[in-house]
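Heads up: the structure comes next, in structure tokens.
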Amino acid sequence: MITTDEVCNVLKMTEEEKYDLLKTVITDYERKENNLIQILHMAQAIFGYLPVEVQYFIAGQMDLSVSKINSVLTFYSFFSTQPKGKYTVSICLGTACYVRGGKDVLNKLKSVLGIDVGFTTEDKVFSLSVMRCIGACGLAPAMTINKKVYKQVNPNKIPMILGMLK
Amino acid sequence: MGSVYQLKRVDFIFKDEKDWKVILKNSISRPAHELINELISSELKGRGGAGFPTGLKWKLTAEENDLVKYVICNADEGEPGTFKDREILSKVPLKVLTSMAVCGHVIRSNTGYIYLRGEYFFLQKDLNKAISEFEEYCREINFDFSIRIFMGSGAYICGEETALFESMEGKRGEPRNKPPFPSSYGYMGKPTVINNVETLAHTYTIFEYGAKRFYDLGVQYSRGSKLFSVSGDTPKPGIYELELGMSLFDFVEEFGDGDTKAVQVGGASGFLVPRKRFNETTIGFQGKLTGISLPTGGSMMLFNSSRSMYNVLDNYLEFFREESCGQCTPCRVGCQQLLNGIKAVKRGDKNAQYLDKLLRLTETMQNTAKCGLGQSVANSFSAIVENFREEMIY
């Protein structure tokens, strides 16, 4: 079975190769409806996001209606129908982070990046999102960039953190 | 100070797990009814927050005649302010795996799943390593049990057990009607035991030391210890294992910053306790003769007087509006209307009496929402609006 690690070299792939890979994934999961969420995770790893064309492709391969695919993927916040930037910056707005200034950090992020929540910068480098409690309440306010967690961030640290990534 | 407070620290959960092989081997050589009785006599109740007796849960599932059954560990820890399960899974994963296998022995199931919260992807690698080690030993002793991790995809509601099953079956994570309960109709329609991570860590303690050691901790109706995730305005945030039945007053003495005006017990879906009620409130499962006793999944968030309770409520309601699955109307529309309502009162578009209307709305939600999410919005809403009414208006 293909693992997410193998999917990591998708950057060099052509569209056609990506669809072939996705087809293999779906076959690996036996086209079973109860594996749909794993398949969506893999599809998102391959394409970076789940545009309508990919949803139609999965629906065709699995013999499900596209509305079924769409209803499942829009339910979960991990799936995106919009392309994401190289870095996804997420700020936690769980209650502990919120009372410790999470919203100030979010506002600073908005002004530094020049985008609102759910959007991606024009240069496709940063996407901005919010999370609901990631269990880092002892380190509030917390922020993640891709898979790295930043603790006790404050608005003043933001330009430096983002600058180090660019 | 120091010696006055009554909190009793306990150290069971994070105690080393080096004896797991012995405990697994000993436990699976005991008959199922004996293990069930041990759990029942310990009076362990589910540590996810709902507090259903664990022994009874195992017993009911064991009594089902299906050939296929499942053991599921609910690691979809998403209640704001809770982070205990993450610590258990990273520090003592083998305790949880051992308990799952013993449960498999009791209910006659050879398949276990851990539903791991998507945000905890960083635990996956080490957890898989622990599972490999565990399964290898199971093969060594000829015990048939396998465990797989299922990753969540970022939906708070999937912590609700029937929504979790739906999600594992590749569907939208919308709660089912109960009954039927998971013990007869769970994952894939099969009898399923679903336990919180911490509950499984406690069953390990019970199998290791016997029910009495566990039962001797805590108070009537609320036996044993519990992990608490302490956050908010406190000089020492973190995870603490404490005996159940403590009074909130003692808790605040220990963890407060001297200026605590309210404590949120049990996360956004839990209860807010204002300062004047600290004395009469204890942390446990059922009402005692005096005062009230509150159940909790372990989230304890302290607010000091610099915090606006309006902002806190606004944050909760935004959270619920976002995380409501949208399946039933009372919750879907109710959460939106509550949020719009308090904003309107704050702006002055509605008068203060409008808050009473909103309180009635939460009552309706409590009575008619399909699952715990919609039903529990009333808990924090009414406590905040009733106790901090002036902060809502001005």
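In order, the protein sequences belong to chains Y and V.
Last residue of the first sequence: 190 (the numbering used here), numbering continuous.
Last residue of the second sequence: 396 (the numbering used here), numbering continuous.
Every residue gets a Cβ at the ideal spot worked out from N, C-alpha and C, and that includes glycine.
- Message: Using a Cβ distance threshold of 8 Å, determine whether the segment 21-33 of chain V contacts the segment 42-49 of chain V, with at least three qualifying pairs required.
- Response: They do not touch, by the three-pair rule.
Relative to the alpha-carbon of Ala103 of chain V, which residue among V:Asn67, V:Asp87, V:Arg150 and V:Glu121 has its alpha-carbon at the smallest distance? Locating residue 103 of chain V in the second sequence gives position 101, where the first residue counts as 1. Ala103 of chain V has its Cα closest to that of V:Arg150, out of V:Asn67, V:Asp87, V:Arg150 and V:Glu121.
Within 9 Å of chain V by C-beta, residues of the segment 158-169 of chain Y in sequence order:
The segment 158-169 of chain Y vs chain V, Cβ under 9 Å: Ile158, Gly159, Ala160, Cys161, Gly162, Leu163, Ala164 and Thr168.
- request: Grab me the residues of Phe305 of chain V's own chain with a C-beta within less than 8 Å of its C-beta, minus the 5 sequence neighbours each way, in chain order.
  value: In the second sequence, counting from the first residue as 1, residue 305 of chain V sits at position 303. Contacts found: Gly234, Asp235, Thr262, Lys263, Ala264, Val265, Gln266, Met311 and Val314.
Can you give me the start and stop residues for the alpha helix (DSSP H) that Ile169 of chain Y sits inside?
-> Numbered from 1 along the first sequence, position 145 holds the residue referred to as residue 169 of chain Y. Unbroken run through Ile169 of chain Y is the beta strand (DSSP E), Met167 to Ile169; no alpha helix (DSSP H).
Ile50 of chain Y, buried or exposed, once every other Cβ within 10 Å from all chains shown has been counted against 16: Position 26 of the first sequence, counted from the first residue, corresponds to residue 50 of chain Y. Buried.
From Ala346 of chain V to Asp140 of chain Y, what distance separates their C-alpha atoms?
-> Indexing the second sequence from 1 puts residue 346 of chain V at position 344. Indexing the first sequence from 1 puts residue 140 of chain Y at position 116. So the two alpha carbons sit approximately 24 Å from each other.
- Task: State yes or no: is the beta carbon of Pro276 of chain V nearer than 9 Å to at least one beta carbon in chain Y?
- Result: In the second sequence, the residue the question calls residue 276 of chain V occupies position 274. With 9 Å as the cut-off, Pro276 of chain V does not count as an interface residue toward chain Y.
Whose Cβ in chain Y lies nearer than 7 Å to the Cβ of Tyr158 of chain V?
For this step, residue 158 of chain V is matched to residue 156 along the second sequence. Under the 7 Å cutoff, chain Y gives Arg156.
How far does the alpha helix (DSSP H) with Ile61 of chain Y in it extend, from its first residue to its last? The residue given as residue 61 of chain Y occupies position 37 in the first sequence. For Ile61 of chain Y, the enclosing alpha helix (DSSP H) starts and ends at Leu60 to Phe71.
* Counting only beta-carbon atoms, is Gly350 of chain V nearer than 9 Å to chain Y? -> Along the second sequence, read from residue 1 onward, the residue named residue 350 of chain V stands at position 348. Gly350 of chain V does not count as touching chain Y.
- If you pair each beta-carbon of the segment 189-201 of chain V with each one of the segment 48-68 of chain V, do three or more pairs fall below 8 Å? The segment 189-201 of chain V, when compared against the segment 48-68 of chain V, does touch it at the 8 Å Cβ threshold.
Relative to the C-alpha of Glu138 of chain V, which residue among V:Arg349, V:Leu99 and V:Leu118 is closest? For this step, residue 138 of chain V is matched to residue 136 along the second sequence. Ranking V:Arg349, V:Leu99 and V:Leu118 by Cα distance to Glu138 of chain V puts V:Leu99 first.
**Asked** Does Asp358 of chain V come within less than 9 Å of chain Y when only Cβ atoms are used?
**Response** Locating residue 358 of chain V in the second sequence gives position 356, where the first residue counts as 1. Asp358 of chain V does not count as touching chain Y.
* Indicate whether at least one CB of chain Y lies closer than 9 Å to the CB of Ile241 of chain V. => Stepping through the second sequence from its first residue, residue 241 of chain V is reached at position 239. The beta carbon of Ile241 of chain V sits closer than 9 Å to some beta carbon of chain Y.
Subject >> Cβ-Cβ separation, Ser153 of chain Y to Gly142 of chain Y (assumed contact under 8 Å), whole Å >> reply: Sequence index remark: in the first sequence, residue 142 of chain Y carries index 118 (1-based). Sequence index remark: in the first sequence, residue 153 of chain Y carries index 129 (1-based). So it is a contact: roughly 7 Å between Cβ atoms.
* Cβ of Lys171 of chain Y less than 9 Å from any chain V Cβ? -> Looking up residue 171 of chain Y in the first sequence gives position 147. So, interface residue.
- Consult DSSP for Phe411 of chain V and reduce its assignment to one of helix, strand or coil. Here chain V covers residues 3 to 396 and nothing more, so residue 411 of chain V does not appear.
Can you check which of these residues, V:Ser301, V:Thr364 and V:Phe136, is closest to Phe145 of chain V by C-alpha distance? Numbered from its first residue, the second sequence carries residue 145 of chain V at position 143. With distances taken between CA atoms, Phe145 of chain V lies nearest to V:Phe136 out of V:Ser301, V:Thr364 and V:Phe136.
Using a Cβ-Cβ distance cut-off of 9 Å, determine whether Thr112 of chain Y contacts chain V. Residue mapping note: residue 112 of chain Y aligns to position 88 of the first sequence, counting from 1. Closer than 9 Å to the CB of Thr112 of chain Y there is not a single CB belonging to chain V.
Discussion item. Using only the alpha-carbon positions, how far apart do Tyr185 of chain Y and Ala164 of chain Y sit?
Written reply: Against the first sequence, residue 185 of chain Y aligns to sequence position 161. Against the first sequence, residue 164 of chain Y aligns to sequence position 140. Per the sequence shown, the amino acid found at residue 185 of chain Y is Ile instead of Tyr. When rounded, the distance between both Cα atoms is 17 Å.
Leu274 of chain V: which of V:Gly175, V:Phe390 and V:Pro33 sits nearest, CA to CA?
Taking the second sequence and counting its residues from 1, the one referred to as residue 274 of chain V is at position 272. The shortest C-alpha separation from Leu274 of chain V is found at V:Phe390.
Given a cut-off of 9 Å, decide if Tyr242 of chain V and Phe230 of chain V are closer than it, judged by their beta-carbon atoms. As a first step, residue 230 of chain V is located in the second sequence; it is residue number 228 there, counting from the start. As a first step, residue 242 of chain V is located in the second sequence; it is residue number 240 there, counting from the start. Contact: yes.
Using 8 Å as the cut-off, classify the Cβ of Val24 of chain V as near or not near the heavy atoms of the ligand MG, replying yes or no. As far as ligands go, the structure on display features none, and thus does not contain the ligand MG.
CA-to-CA distance, Phe71 of chain Y to His65 of chain Y, given in whole angstroms: Counting from one through the first sequence, the residue named residue 65 of chain Y turns up at place 41. Counting from one through the first sequence, the residue named residue 71 of chain Y turns up at place 47. Whole-angstrom Cα-Cα distance: 10 Å.
Answer yes or no: does any C-beta atom of chain Y fall closer than 9 Å to that of Glu325 of chain V? Position 323 of the second sequence, counted from the first residue, corresponds to residue 325 of chain V. Yes, contact with chain Y.
query = Ala77 of chain V lies in the beta strand (DSSP E); which residues open and close that run?
reply = Reading the second sequence from its first residue, position 75 is the one you call residue 77 of chain V. Counted as a single uninterrupted DSSP element, the beta strand (DSSP E) harbouring Ala77 of chain V occupies residues Tyr72 to Ala77.
* Only counting runs of 3 or more residues, tell me where the beta strand (DSSP E) segments fall wholly within the segment 99-132 of chain V, in order along the chain. => If we require 3 residues or more, the beta strand (DSSP E) runs fully inside the segment 99-132 of chain V come out as 113-118.
If you draw a straight line from the alpha carbon of Ser307 of chain V to that of Leu357 of chain V, how long is it in whole angstroms?
Looking up residue 307 of chain V in the second sequence gives position 305. Looking up residue 357 of chain V in the second sequence gives position 355. Their backbone Cα atoms lie some 22 Å apart in a straight line.
Hey, how far is the Cα of Lys110 of chain Y from the Cα of Asn170 of chain Y? On the first sequence, position 86 is the one that residue 110 of chain Y refers to. On the first sequence, position 146 is the one that residue 170 of chain Y refers to. Straight-line Cα distance between these residues: approximately 9 Å.
When Cβ atoms are compared, which residues of the segment 44-63 of chain Y fall closer than 9 Å to chain V? For the segment 44-63 of chain Y, the set of residues with a beta-carbon nearer than 9 Å to any beta-carbon of chain V comprises Lys56, Glu57, Asn58, Asn59, Leu60, Ile61, Gln62 and Ile63, in chain order.
Reference Ala132 of chain V; option with closest CA among V:Cys140, V:Gly106, V:Leu96 and V:Ile116: Position 130 of the second sequence, counting from 1, holds the residue named residue 132 of chain V. Comparing C-alpha distances from Ala132 of chain V to each of V:Cys140, V:Gly106, V:Leu96 and V:Ile116 shows the shortest one belongs to V:Leu96.
*Measure how close the beta-carbons of Gly175 of chain V and Phe99 of chain Y come, nearest whole angstrom, since I'm counting them as under 8 Å.*
Position 173 of the second sequence, counting from 1, holds the residue named residue 175 of chain V. Position 75 of the first sequence, counting from 1, holds the residue named residue 99 of chain Y. That belief holds up - the Cβ atoms of Gly175 of chain V and Phe99 of chain Y are roughly 6 Å apart, short of 8 Å.
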